[in-house]
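Engineer: Supplied in structure tokens, the structure appears directly below.
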Amino acid sequence: MSFETSRGDVHALRDVSFDIAAGEVFGVAGESGSGKSTLAYAIMRDLAPNARVLGGSIHFAGEDVLRLAPDALRSIRGRRIAMVYQDPKSALNPSMRVGQQIAEVLEIHALASRAGAAARALELLALVNIPDPLAVAHAYPHQLSGGMQQRLVIAMALAGEPGLLIMDEPTTGLDVTTQARILELVAGLRHDVGAAILYISHDLAVIAQVSDRVGILYAGELVEAAPATQLFRRPAHPYTRGLLDALPDIDLTRAFRPIRGRFPDLMGLPDGCVFAPRCDFVEDACARAQPAMATVGPAHVARCRRWETVIATPPMPQARRSAPPLLEVTPPVARVDNLTKHYEEPGVLMRWLGLARPPVHAIDDVTFAVHGGEVLALVGESGCGKTTLGRLLLRLLPPTSGTVSIRRRQSGAEIADDAEFRRVVRIVFQNPDSSLNPTKRVAAILERPLAIQGVSRPARRARVRELLEAVRLDVGYLHRLPRALSGGERQRVAIARAFATGPELVVLDEPLSALDVSSQASVVDLLTELRHRLDATYVFISHDLSLVRHLAHRIGVMYLGRLVEVGTVDEVFRPPYHPYTRALLSSIPVPDPSARAATVRLEGAVPSARLPPSGCRFHTRCPSKLGRICEEVEPPLQRADGTHWLACHIPLEDLRRERPVRVRVS
Amino acid sequence: MTARVLANPPLAIGTLILGCVLALTLLAPLVAPYGVAEQSIPDRLQRPGGKHLLGTDQYGRDLLTRTLFGGRTALLLGLGAVALGLLFGVPIGLASGYAGGRTDEVIMRVVDALLSFPALLMALMIITALGVSTLHALLAIGVANAPGIARIVRSQTLAVKHEEFVLAARAQGESHAYIMFGEILPNLLAPIVIEASIRVGFAILASASLSFLGLGVQPPTADWGLMIREARQYIFLSSWPLLCPGLALALTIVGFNLLGDGARDRLTGRV
């Protein structure tokens, strides 16, 4: 299949063949640009006007979807083949009650009478594990959380009792604890509904949790397909292996590393194997001719001539943590005392009249210190306040109350001068697409912080070249615009900008979450190297506990604006756990099909930060809530061990007796 | 390249029209068969043909020549007024959108008040206050354009100012002025170009209207509005003195509108 574009034809999918049986989940994984979504749209025959199918067929229940008449296609699409998209918000009609929306699908496909449709809608809501279906049916989509919305979309997709359900990154925008519940639901559907499910994700760990069989796409080609257990245990294609090696392992049993090179331009593909330029196992023959699909085992195929060598090569050695425990506790470079940030709604009049909505409690009474030279990770789900906290550290927002003080590493003097502060304290944002001005060239972006600090023009030029080299980018990139760079390269530019002034404290706000796995690992390496070189201190904001375990010294866990647990990595990863930390840890998907099912499930959604629950903020979802005390009294942070603090009413002795969550502690 | 131009007919046609208009008016002294002010009373109000390709006006001046030269004041006033409008409107819109809050509220209420006057009425008031001259016409139309431009720029600023690169600029200690003009403004060029190209057409029309009312360009300068004003009295003797500047005016305005539409489709990626 190809797309005609102004630069020529893009062959988005080439020679992809697979089948899915009823009641089976076929997972498709690959990086952005690999053709995953194109595949999904091709099956729905819902392609852009510039797309042409050059050959092949898509058989569904005995008929070729690509040759169906428009009428027949319409009767299949949405009913026999249904799709669940990444963003539930755009798939739901915001002005229609949930129950009606589902009933409408049933009526369009003439699956139920008007009266029957309403009842069937409730059944479908119950099928996707929505508590209290009657109440939800009367709600509008915006009144529901992201996880609930995604369940609704799934319920709508199931309305026509589809033979094939295509799910395109259905959990990508969701928090880990919500994701765990959706994955559970998908796994259950396979048995309850008996549909064939095509599950698309960039995240191999997620794929491992739900799939029976897995296909790996690279640059539009299916490079490997195998039963899930086979694929994750004995990956036969170097790309599959590269993807797995690029994932940080939460148990620290192995190191993680990037796949070298750049994703190929689909306009000018090499003659031989598409992966050859980035392959660790490449030999001369690879570049000459395209390899054929080799049979590795039963139902296990790989498009590689050297698969035997790939399988025979031993796995990567055990991880050397990039942040080994600090031997001494250095004096703090940043102190946060009783910091509180509430977002008030504007409008003096409304507030005076008492009509304004309550403020959003983004951060409430948070106290901690960041010690010189350490990496402090702040983790938690969306809405926990970690990003606000980062911005408060940078003085980008005024605190509602409490203080943030930043000191120089050497002298211990507090920084008061604004220019000095901006030089010494820097930030890297989550998404380099929006943190780099799209109209500025790399050279201009990197020179700017130096110009502000009064560095002369020739000195700036020289320093910019040094910086590019430090983040391992070619000097040729100086005159490029951000859009001419890949995601990973853009983030390197953003990192170079942050380090341009030789900072002592760097806040990294989810710097890896917008990147493909293959480039994540190289950015981690880069950050570690820069920290050692500059002896800098990091505040690393993240939701990815696997990653944090590899590169942080200490972890602070946040929930709804509060710090609920703080301690060294080892302390946080073993009991006693705060019940929320425990739930987070057990929700992390791991790329191992045998390690399925979360042990701790969190019910419900994160409550609104406008009206945070009284007492312990976690009590509404806590699986081990004690009783009234949790609802009424706010638990203080209490010391569990040396540097380990947590805020919970459950006696520490009881928490200590709990079994560790999955992870092995070194 | 050719394929891309043809994929966007408004842009292609608009560019073609304006290219011709611009070339002919710039080269008017070379192309025009007579002098602008060259009178020949015996040849007055002639029909097209013979010595005068498009005929003559009531003083026997060549209409082709007058129309070509009239394009100069039209373009000068149109482009100049919009440039002036941008000069005032862009910083006001940027500041208002960037500052937000009460500052934004106050500036936008003033802009709303100004926008509620018809632009021509506002221009008339300014001319009344300043007196009649070409320069004052330019000033009046320019100022009348500023509030609309300010509004567009403000709304675009609101869309851009929440991008992380603005926060990144603050985090490295950039001044507010630099963030507005150095970071945000370059991202507004596309909407500004679109808005400006559509406004030039209207500004030309406004300048012609002022001249028509006798409040803009003064005789004996060649100007389309002025030509129409003068031709009005002889309409029953010859329609050519009216038709020539009228058609030229219409064609130019259509040209700018097509250019604006085409530029919008092109820059917002709809074609």
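Protein sequences appear in the order of chains A and B.
Its first residue numbered 502, the first sequence is counted upward by one per residue in our numbering.
Its first residue numbered 4, the second sequence is counted upward by one per residue in our numbering.
C-beta: ideal position from N, C-alpha, C; glycine also.
Under DSSP, the alpha helix (DSSP H) around A:D865 begins and ends at which residues?
Structural biologist: Taken as a continuous stretch (DSSP letters only), A:D865 belongs to no alpha helix (DSSP H), being part of the beta strand (DSSP E) at 861–872.
Engineer: Would you check whether the ligand ADP has a heavy atom nearer than 8 Å to the C-beta of A:P728?
Structural biologist: The ligand ADP is absent from the structure shown, which contains no ligands of any kind.
Engineer: Mind checking the segment 901–926 of chain A against chain B and listing, in chain order, the residues whose C-beta falls within less than 7 Å of any C-beta there?
Structural biologist: Against chain B - using a Cβ distance shorter than 7 Å - the residues of the segment 901–926 of chain A are D919, A920, R923.
Engineer: If the criterion is Cβ atoms closer than 9 Å, does the pair A:H862 and A:P833 meet it?
Structural biologist: No, the pair does not count as a contact, with Cβ atoms beyond the cut-off.
Engineer: Any beta carbon of chain B sitting closer than 9 Å to that of A:A995?
Structural biologist: Yes - at least one Cβ of chain B is within 9 Å of the one on A:A995.
Engineer: So, with DSSP's three-state summary, where would you put A:M545?
Structural biologist: In this structure, A:M545 counts as helix in the three-state DSSP scheme.
Engineer: Give me, in chain order, the residues of the same chain whose beta-carbon lies closer than 8 Å to that of A:N839; leave out the 5 immediate sequence neighbours on both sides.
Structural biologist: If we look at A:N839 and ignore the five residues flanking it on each side, its Cβ neighbours are D866, V867, T868, S902, G903, T904.
Engineer: Tell me A:L838's beta-bridge partners as DSSP assigns them.
Structural biologist: According to the sequence shown, residue 838 of chain A is Asp rather than Leu. A:D838 pairs with A:T904.
Engineer: Please report whether the beta-carbon of A:K887 lies at a distance below 9 Å from any beta-carbon of chain B.
Structural biologist: With 9 Å as the cut-off, A:K887 does not count as an interface residue toward chain B.
Engineer: By the DSSP assignment, the alpha helix (DSSP H) with A:A1084 in it spans what residues?
Structural biologist: First-last of the alpha helix (DSSP H) with A:A1084: 1080–1088.
Engineer: Evaluate A:L856 with the Cβ neighbour count: other Cβ atoms within 10 Å of its Cβ, from every protein chain shown; 16 or more gives buried, anything less gives exposed.
Structural biologist: Label assigned to A:L856: exposed.
Engineer: Going by the CB atoms, is the gap between A:G1068 and A:T1144 shorter than 9 Å?
Structural biologist: Taking 9 Å as the Cβ cut-off, A:T1144 and A:G1068 qualify as a contacting pair.
Engineer: Please decide whether B:R273 counts as near chain A, where near means a Cβ-Cβ distance under 9 Å.
Structural biologist: Interpretation of B:R273 is limited by its pLDDT of 49, a score under 50 that renders its predicted location unreliable; the figure taken from the coordinates is listed afterwards. Chain A, which has no Cβ nearer than 9 Å to the Cβ of B:R273, makes this no.
Engineer: In three-state terms, what does DSSP make of A:V1166?
Structural biologist: Note that A:V1166 scores 44 on pLDDT, short of 50, meaning its location in the model is unreliable; the coordinates nonetheless yield the value given after this. In this structure, A:V1166 counts as coil in the three-state DSSP scheme.
Engineer: By alpha-carbon positions, which one of A:T810, A:R961, A:Q954, A:T940 ends up nearest to A:E948?
Structural biologist: That would be A:R961, whose Cα lies nearest to the Cα of A:E948.
Engineer: State the DSSP-derived secondary structure class of A:Q1139, mapped to helix, strand or coil.
Structural biologist: Three-state DSSP puts A:Q1139 in a strand.
Engineer: Per DSSP, what kind of secondary structure is B:Y62 in: helix, strand or coil?
Structural biologist: Note: B:Y62 maps to coil in three-state DSSP.
Engineer: DSSP beta-bridge partners for A:A727?
Structural biologist: Partner(s): A:V715.
Engineer: Please list, in chain order, the chain B residues whose beta carbon lies closer than 7 Å to that of A:I928.
Structural biologist: Chain B residues near A:I928: A174.
Engineer: Measure the Cβ-Cβ separation of A:L684 and A:Q650 and say whether it is below 9 Å.
Structural biologist: Going by C-beta atoms, A:L684 is not nearer than 9 Å to A:Q650.
Engineer: Quick one: does B:E177 have its CB under 9 Å from some CB of chain A?
Structural biologist: Closer than 9 Å: yes.
Engineer: Ends of the beta strand (DSSP E) at A:I631?
Structural biologist: Here A:I631 belongs to no beta strand (DSSP E), and DSSP marks it neither H nor E.
Engineer: From what residue to what residue does the alpha helix (DSSP H) around A:R1129 run?
Structural biologist: Taken as a continuous stretch (DSSP letters only), the alpha helix (DSSP H) holding A:R1129 covers 1129–1133.
Engineer: Can you name, in chain order, every residue of its own chain whose Cβ lies under 6 Å from the Cβ of A:I559, other than the five neighbours on each side?
Structural biologist: Closer than 6 Å at the Cβ level, and outside the excluded window around A:I559, lie I544, V566, L567.
Engineer: Under 7 Å between beta-carbons, which chain B residues line up against A:L895? List them in chain order, please.
Structural biologist: Chain B residues near A:L895: A174.
Engineer: Three-state secondary structure (DSSP) at B:E108?
Structural biologist: Looking at B:E108 - three-state DSSP - the assignment turns out to be helix.
Engineer: Under 7 Å between beta-carbons, which chain B residues line up against A:L937? List them in chain order, please.
Structural biologist: Ordered by position in chain B, the residues that pass the 7 Å Cβ test against A:L937 are F168.
Engineer: Please report the straight-line C-alpha distance between A:H738 and A:V654, rounded to a whole angstrom.
Structural biologist: Going from the Cα of A:H738 to the Cα of A:V654 covers about 35 Å.
Engineer: How many angstroms separate the CA atom of A:Y1039 from the CA atom of A:E875?
Structural biologist: If I take the Cα positions, the gap works out to 6 Å.
Engineer: Starting from the beta carbon of A:N551, find every residue of chain B whose beta carbon is closer than 8 Å, and list them in chain order.
Structural biologist: In chain order: nothing, as chain B lies at least about 12 Å away.
Engineer: As a quick exercise: from A:E882, A:G773, A:P1113, pick the residue whose alpha carbon is nearest that of A:H843.
Structural biologist: Ranking the options by Cα distance to A:H843, first place goes to A:P1113.
Engineer: Helix, strand or coil: how does DSSP classify A:S1043 here?
Structural biologist: Here A:S1043 sits in strand by DSSP.
Engineer: When you compare the CB positions of A:G773 and A:A790, do they come within less than 9 Å of one another, or not?
Structural biologist: Yes.
Engineer: Using only the alpha-carbon positions, how far apart do B:R50 and B:L252 sit?
Structural biologist: Distance between the alpha carbons of B:R50 and B:L252: 20 Å.
Engineer: Span of the beta strand (DSSP E) holding A:G798?
Structural biologist: From DSSP, the beta strand (DSSP E) with A:G798 extends over 795–798.
Engineer: Suppose contacts are defined by Cβ-Cβ distances below 9 Å. Is A:E605 in contact with A:A620 by that definition?
Structural biologist: No; because the gap between Cβ atoms is not below 9 Å, this pair is not in contact.
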